[in-house]
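Report on one structure; see the data block that follows.
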Amino acid sequence: MVLKGTNGTNGTNGSVTHSGLGAPDLSIGVNGDYYLDRTGYLLYGPKNVDGWGGGILLRGADGAQGPIGPAGADGTIIYGGDYNPDPSLGKIGDFFIGRFTMQIFGPKTASGWGTGRNLRGADGTNGTNGTNGANGNTVLNGMGRPDPAAGKEGDFYLDMTTYTMYGPKTSGNWGSGTSLKGADGNSNVIALETADASTFDWAYEGSDVRNLMMRRNGNYNDSTSVYNIPAANV
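Each residue of the sequence shown is one higher than the one before, starting from 9 at the first, in the working numbering.
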C-alpha cells in the first residue's frame, strides 16, 4: 500500500541574467537578477533594493601580440579596355572587362583568357508611348502687318517687307512689332581736300589699287571707266 503525501511548498523563483548594449536600466529585472553589458563586457548584479550596483569587468587585460602570420596569396585584378584582352596582359586568376563589347573574360588560366561572357542582358520590351506634347509655337511670315485672324496664341509673325517681328500673339492680338533691321550705316565716301584743281595726292600702301569717283570743277569722273589711281601721286 502506497501512501501519497501532501505537496510541498513552492520554491523561490530563480534569478534571470539579462543582457543588452550599455548599462542596465533600473526598470529591468527584479531583485536577484543579473545583467550583462555586451558593449563593455560588464556583469551587473545581483540586483537589490538599491539597484544594479557597479558592474564587474569580465574582459581581461590585452594579451601580448601574436607572431606575424604568413603572407597571403596575391589577389586577382580586374583589368579594363576597349575590346578583348591582350594575351600578355595579367596573370592566372585575373579578369578583364571590354567596355565596348560589354564582355567579361576570366579567370585567366594557363591556357589564356578564354571566351568572354556577356554582361549585358537581352533588350527589354518597348515601353508604352508617352502622351502627346503640347503644340509648339509657329513663326508665320508675309508681306506687311499680320492679319488678326492669322495664327494662334503664342505664335510669331515676320513682316518681310519691313523686317518687323510681331508676337507672341496674346488674346488674339499681335501687338506692336519689333524692328529687326538696324540703323542705316554711313555711306562709303571719303572727302579729300587738295591744294588746287590740278594736283591730287593719295598715298597708298603696298600695291593697293582702288576704284575712285572724283569731282573736279563740277564734273564727276568715275575711275572705273576713266583710270585707276596708281600707287604713287596723281
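Heads up, the beta-carbon is just placed ideally off N, CA and C, and yes, glycines get one too.
Quiz item: Using 8 Å as the limit for Cβ to Cβ distance, is Arg153 near chain B?
Solution: Within the model displayed, chain B is absent; a lone protein chain is all it includes.
Self-check item: Whole runs of the beta strand (DSSP E) within the segment 94-167, excluding any shorter than 3 residues
Solution: You should have 103-106, 111-113, 147-150 and 164-167.
Practice problem: Report the rounded CA-to-CA distance for Arg153 versus Tyr165, giving the unit in angstroms. | Solution: Working through the sequence shown from its first residue, we reach residue 153 at position 145. Working through the sequence shown from its first residue, we reach residue 165 at position 157. Arg153 and Tyr165: Cα-Cα distance of roughly 8 Å.
Exercise. Give the straight-line distance between the Cα atoms of Thr178 and Gly162, rounded to the nearest whole angstrom.
Key: Here residue 178 corresponds to residue number 170 of the sequence shown, with the count starting at 1. Here residue 162 corresponds to residue number 154 of the sequence shown, with the count starting at 1. Taken atom to atom, the span from the alpha-carbon of Thr178 to that of Gly162 is near 6 Å.
Exercise. Would you tell me roughly how many angstroms separate the C-alpha atoms of Gly68 and Gly40, rounded to the nearest one?
Key: By one-based count along the sequence shown, residue 68 stands at place 60. By one-based count along the sequence shown, residue 40 stands at place 32. Gly68 and Gly40 have their C-alpha atoms some 25 Å from each other.
Exercise. Just confirm the distance between the C-beta atoms of Leu50 and Leu66, as a whole number of angstroms; I'd bet it's less than 8 Å.
Key: Counting from one through the sequence shown, the residue named residue 50 turns up at place 42. Counting from one through the sequence shown, the residue named residue 66 turns up at place 58. The Cβ separation is near 7 Å, so the contact holds.
Self-check item: Proximal residues to Ser187 (C-beta, below 6 Å), its chain only, five neighbours per side dropped
Solution: Numbered from 1 along the sequence shown, position 179 holds the residue referred to as residue 187. Around Ser187: Thr172.
Exercise. To the nearest angstrom, report how far apart Leu44 and Thr17 are at their CA atoms.
Key: Along the sequence shown, one-based indexing puts residue 44 at 36. Along the sequence shown, one-based indexing puts residue 17 at 9. Using only the alpha carbons, I get a separation of about 32 Å.
Self-check item: Member of Ile100, Pro75, Tyr174 and Asp94 whose CA lies at the smallest distance from the CA of Ile85
Solution: Numbered from its first residue, the sequence shown carries residue 85 at position 77. Comparing C-alpha distances from Ile85 to each of Ile100, Pro75, Tyr174 and Asp94 shows the shortest one belongs to Ile100.
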